[in-house]
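Undergrad:
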Amino acid sequence: MSTVSTVAILDYGMGNLRSVAQAMRTAAPDVNVIITGEPDQVRAADRLILPGQGAMPDCMANLRSSGLLEALSEGAKNKPLLGVCVGEQMLFGAAEEGRSHGLGWLDGSVVRFRLDDAVDHNGARLKVPHMGWNRVKQTRDHALWAGVPDEAYFYFVHSYYVQPNDELLTVGVSDYGHSFTCAVARDNIFATQFHPEKSGVFGLQVYRNFASWMPN
Amino acid sequence: MLTKRIIPCLDVKDGRVVKGVNFVGLRDAGDPVEIAKRYDAQGADEVTFLDITATSDDRDLILHIIEAVADQVFIPLTVGGGVRAVADVRRLLNAGADKVGINSAAVSNPQLVAEAASKYGSQCIVVAIDAKRVSRDGELPRWEIFTHGGRQPTGIDAVEWAVKMNELGAGELLLTSMDRDGTRSGFDLALTRAVSDAVSIPVIASGGVGGLQDLADGILQGHADAVLAASIFHFGQHTVQEAKTLMAAQGISVRM
C-alpha cells in the first residue's frame, strides 16, 4: 500500500542543486527526487530540502522573489525539512551579513567567524572561509545521526555560522578557533552547516536517514 | 580541528587526464571518472580538474566530464581553465563543480573575480596564481605572476596580487610555482609561506611535488591549508592514504 515518497529540493536560484539531488538519489534510490521552483510541487512533496550557497542576503532575496516562500512555510509546519549550509542559516532570525533577516523559524542569530589573531599549532593563520573536512561532535541523539559515528568528518565551506539562543536546538558542534553549532534540529526540522552531499559515505547516510525520517 | 586537505589534480585535455612537465610534453594518465573515483576511495579531500584544452572548440567536453564525475563522487570538485566570464562560472557550477578556478581572466579583468564572488559567493571562487621567482640569488625573494599557461609575464608582484584577489572576494587561492611545476623538487616553500601568511583565505600549494615529504613540508613550512599534486598519484607511485599517514605522523591534522 506504500506510495513512492517525493523529496523536493527547492530551486530558488541559489546553490548546487544537482549535487544535492544526486546524493539524495544515490542514498535513497527508492525515493522520487525532484528539483523544483513550482509551489504546487513543493506542496505535493512529502519531504523538503532547502539548500543555499553564497551570501545569505542574496539567498533570502531570491527565496522571497521565487514564489516558493509560502509553500515552504506551510511545509515547514509538519513535513520533514532538511536545511543545508545557507539553507540552515536562513531558518534563523537576525544575521550580520548585510543586515538581512532570515526566516526566524529557529531562535538565534547568524554570525561571522572572527579569527584575526588565531593560529594553529604550527603557527599558520586560521583562514576564513572555514573550508575543508572537520569533525562533528553529536551533542544530542537524533534520527538523522543513525549510522553516523560520533566525531565523523564532514565537509564545510562557510564564513558564517548559527548561534541558537536555545541550546537544545544544537545537535552537532564542530571546532574552528572555538566550538560552534554546525547542526540543529527541532520537531520536523533538521539542518546542517556542513555539506552532507560532499561528505562521502557519512554524508550520504544523513540523506538516507532523512529519506525515512518520521518526526514525531 | 580543521584538517589539512590533500587534493589530487587532474589536468584534462580533450576529455582525458594528462600530465606534463613544465607545461609541455603531455602523457596520457587515464579516464577522469575512473581516476576521480579511485582518489575518492583513497581518501582524497577534494579533486581538482584543470582544463588545459588548447582551443575553445573542445571546451564544452569538460562540462560532461564534471557531470559524470559529480554523479558518482561525493567530495568537492574544483574546475579551472578557460574561465573568462561569469557565465562560464555558472555553467561549471550547474554541471556539478563546487568551486571554479579563475586564472588568466582575473589578470585581464580583476572585476570578474568580484562579480563572480558577489553572484555565487566567495566560497566557490578560487583564483589560480602562477608565480615565477624573478629575484636574483642574494636579493630579497620576489615572485611575479604569469598567465596563459605560464607563457606570459605580467610584471605583477605575486604576494600583492594574492592580497588583492583576497580583497576582491576570492574564497581560496591555488598557488602554483612555475619554477617547480613538473620538476619533482618540492614546493617553492618561501613563495607558499609568503602568500599564505599575507592573506586571510585558504591557500592551496601546487607545483613540484616529487614525494610525500614535500606535501608535509608544504603544510609545516609553507603554511599551506591544502596541498595539490598530480604525478605522484597518477602513476601509482603513492596513494593519498600513504600521504596522510606520513603527514599524521608529523603532527599534521588529516582526515583518516
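First to last, the sequence lines map onto chains X and C.
If you want this note's numbering, it's the position in the first sequence, counting the first as 1, plus 874.
If you want this note's numbering, it's the position in the second sequence, counting the first as 1, plus 38.
We put the beta carbon where it would ideally sit given N, CA and C, even for glycine.
Would you be able to state if there are at least three C-beta pairs under 8 Å between the region 232 to 247 of chain C and the region 202 to 219 of chain C?
TA: Because the criterion of three Cβ pairs below 8 Å is met, the region 202 to 219 of chain C and the region 232 to 247 of chain C touch.
Undergrad: What residues in the region 894 to 911 of chain X have a beta carbon less than 7 Å from any beta carbon of chain C?
TA: Only those residues of the region 894 to 911 of chain X whose C-beta falls short of 7 Å from the nearest C-beta of chain C are listed: Gln896, Ala897.
Undergrad: With respect to the alpha helix (DSSP H) encompassing asparagine 50/C, which residues constitute its N-terminal and C-terminal limits?
TA: Checking the sequence shown, residue 50/C turns out to be valine, not asparagine. Element bounds for valine 50/C: not the alpha helix (DSSP H) but the beta strand (DSSP E), 43 to 51.
Undergrad: Give a yes or no on whether the C-beta atoms belonging to threonine 230/C and alanine 262/C are separated by under 8 Å.
TA: yes
Undergrad: Indicate whether histidine 1069/X and tyrosine 1029/X have their beta-carbon atoms separated by less than 8 Å.
TA: yes
Undergrad: Quick one: which chain C residues come within Cβ less than 9 Å of arginine 921/X?
TA: In chain order: nothing, as chain C lies at least about 20 Å away.
Undergrad: Tell me the DSSP secondary structure of threonine 230/C in three-state form.
TA: helix
Undergrad: In angstroms with no decimal places, state the Cα-to-Cα distance between isoleucine 73/C and valine 1075/X.
TA: 18 Å
Undergrad: Since glycine 967/X and histidine 975/X should fall inside the 8 Å C-beta cutoff, what is the C-beta to C-beta distance between them, to a whole number of angstroms?
TA: Rounded, the Cβ-Cβ distance is 6 Å, consistent with contact.
Undergrad: Tell me, which residues are paired with serine 244/C by DSSP?
TA: The secondary-structure analysis by DSSP pairs serine 244/C across a beta bridge with Thr214/C.
Undergrad: Measure the beta-carbon distance from leucine 131/C to phenylalanine 87/C and round it to whole angstroms, keeping in mind my assumption that it falls under 8 Å.
TA: Wrong, their Cβ atoms sit about 13 Å apart, outside the cutoff.
Undergrad: For a contact meaning CB atoms closer than 9 Å, what does aspartate 1121/X contact in chain C?
TA: Nothing about residue 1121/X can be reported from this structure: the residues present for chain X run from 875 to 1090 only.
Undergrad: Can you confirm whether methionine 216/C, when its beta carbon is compared against all beta carbons of chain X, has any partner nearer than 8 Å?
TA: No, because no Cβ of chain X sits closer than 8 Å to the Cβ of methionine 216/C.
Undergrad: Specify the secondary structure class of valine 197/C as computed by DSSP and reduced to three states.
TA: Judged by DSSP in its simplified three-state form, valine 197/C adopts helix.
Undergrad: Taking 8 Å as the threshold (beta carbon to beta carbon), is aspartate 126/C in contact with chain X?
TA: no
Undergrad: Going straight from the alpha carbon of phenylalanine 1054/X to that of glycine 961/X, what length do you get?
TA: Cα-Cα distance, rounded: 17 Å.
Undergrad: With a cut-off of 8 Å, do at least 3 Cβ pairs link the region 887 to 902 of chain X to the region 123 to 137 of chain C?
TA: yes
Undergrad: Chain X partners of cysteine 162/C, CB-CB under 9 Å?
TA: Asn890, Gln927, Gly928, Val1031
Undergrad: Between which two residues does the alpha helix (DSSP H) containing alanine 74/C stretch?
TA: Where alanine 74/C is concerned, the enclosing alpha helix (DSSP H) stretches over 70 to 80.
Undergrad: Would you say arginine 293/C faces chain X, with C-beta separation under 8 Å as the test?
TA: yes
Undergrad: Can you look up serine 160/C in the DSSP assignment and give me helix, strand or coil?
TA: In the three-state reduction of the DSSP assignment, serine 160/C falls in the helix class, which pools H, G and I.
Undergrad: With a CB to CB cut of under 7 Å and the five nearest residues on each side skipped, what residues in its chain are close to leucine 1078/X?
TA: Ala897, Thr900, Ala901
Undergrad: For aspartate 1049/X, which residues in chain C fall below 7 Å Cβ to Cβ?
TA: Those are Met39, listed as they occur along chain C.
Undergrad: Determine the direct distance from the alpha carbon of serine 940/X to that of valine 881/X, and round the result to whole angstroms.
TA: In this structure, the alpha-carbon of valine 881/X lies about 19 Å from that of serine 940/X.
Undergrad: Rounded to a whole number of angstroms, what is the C-alpha to C-alpha distance between alanine 228/C and leucine 213/C?
TA: Each residue's CA atom was taken as its position, placing alanine 228/C and leucine 213/C some 12 Å apart.
Undergrad: Could you tell me if histidine 1004/X is buried or exposed, where buried requires 16 or more neighbouring beta carbons within 10 angstroms of its beta carbon?
TA: buried
Undergrad: Within 10 angstroms of the Cβ of histidine 995/X, are there 16 or more other Cβ atoms? Answer buried if so, exposed if not.
TA: Of the other Cβ atoms in all chains shown, fewer than 16 fall within 10 Å of the Cβ of histidine 995/X; this residue is therefore exposed.
Undergrad: Anyone know if the C-beta pair for valine 107/C and proline 46/C falls short of 8 Å?
TA: no
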